[in-house]
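Undergrad: Residue numbers (our numbering): 888 to 1036.
(1) So, under 8 angstroms CB-CB, residue 937 and residue 947 are touching, yes? Tell me the CB distance rounded to an integer number of Å.
(2) Using only CA atoms, which one of 927, 943 and 1032 lies nearest to residue 1026?
(3) Which of the three DSSP states is assigned to residue 937 in this structure?
(4) Where do the ends of the alpha helix (DSSP H) carrying residue 1018 lie?
(5) Given a cut-off of 8 angstroms on the beta-carbon distance, is the pair residue 893 and residue 993 in contact?
(6) Helix, strand or coil, according to DSSP, for residue 977 in the structure here?
(7) Output the residue ranges of the beta strand (DSSP E) runs that lie fully inside the segment 945 to 1014 and measure 3 residues or longer, sorted by chain position.
(8) Ends of the alpha helix (DSSP H) at residue 931?
(9) Taking the alpha carbon of residue 1024 as the point to measure from, which residue in 941, 991, 928 and 921 has its own alpha carbon closest?
(10) Taking the alpha carbon of residue 999 as the point to measure from, which residue in 897, 918, 895 and 896 has its own alpha carbon closest?
(11) To which residues does DSSP link residue 1026 through a beta bridge?
(12) For the segment 963 to 975 against the segment 948 to 955, do three or more pairs of beta-carbon atoms, one drawn from each stretch, fall closer than 8 angstroms, so that the two count as touching?
(13) Do residue 914 and residue 1019 come within 8 angstroms of each other at the CB atom, strictly closer than that value?
(14) My output table needs one value for residue 896: the three-state DSSP class, helix, strand or coil.
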């Protein structure tokens, strides 16, 4: 039997198609988005070059004493929907987000107290990771120094 919908059902069907991905999980949730937005605000105000990771290999290639540059890139899912790797990344990410220096910077950017921030990270964000599949860009570079002759 074909999948058939009445005219008044199409708005709901289309809204559900738009809000999900092929694997059924929403990409990132509101808490993760709030944190990444706070990071981007912090980076922009601090004049931190965030695009460096995309062209770091070309900077290495400009060095005369560097040989071939190798690069591996992956999109990784944070949390249990990213399997074992996702759980390891979640642990590292949560540890970073709950470090003293990050707490002092991000809670102000988000506009909440340090205690609210800690609860948001340690409880709400971990729960959100179970329901979503936020991706992070991971890359690895390795080079070998040329021996001078």
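Positions of the beta carbon are idealized from the N, C-alpha and C atoms, including for glycine.
Small disclaimer: the values here were computed from a predicted structure and weren't measured.
TA: Let me spell this out:
(1) No, residue 937 and residue 947 are not in contact; Cβ-Cβ is about 18 angstroms, not under 8 angstroms.
(2) 943
(3) Residue state, collapsed to three classes: coil.
(4) For residue 1018, the enclosing alpha helix (DSSP H) has its first and last residue at 1013 to 1018.
(5) no
(6) helix
(7) 953 to 964
(8) Looking at the DSSP string, the run of the alpha helix (DSSP H) that includes residue 931 is 917 to 932.
(9) Out of 941, 991, 928 and 921, 941 has the C-alpha closest to the C-alpha of residue 1024.
(10) 918
(11) 960
(12) no
(13) yes
(14) Helix at residue 896.
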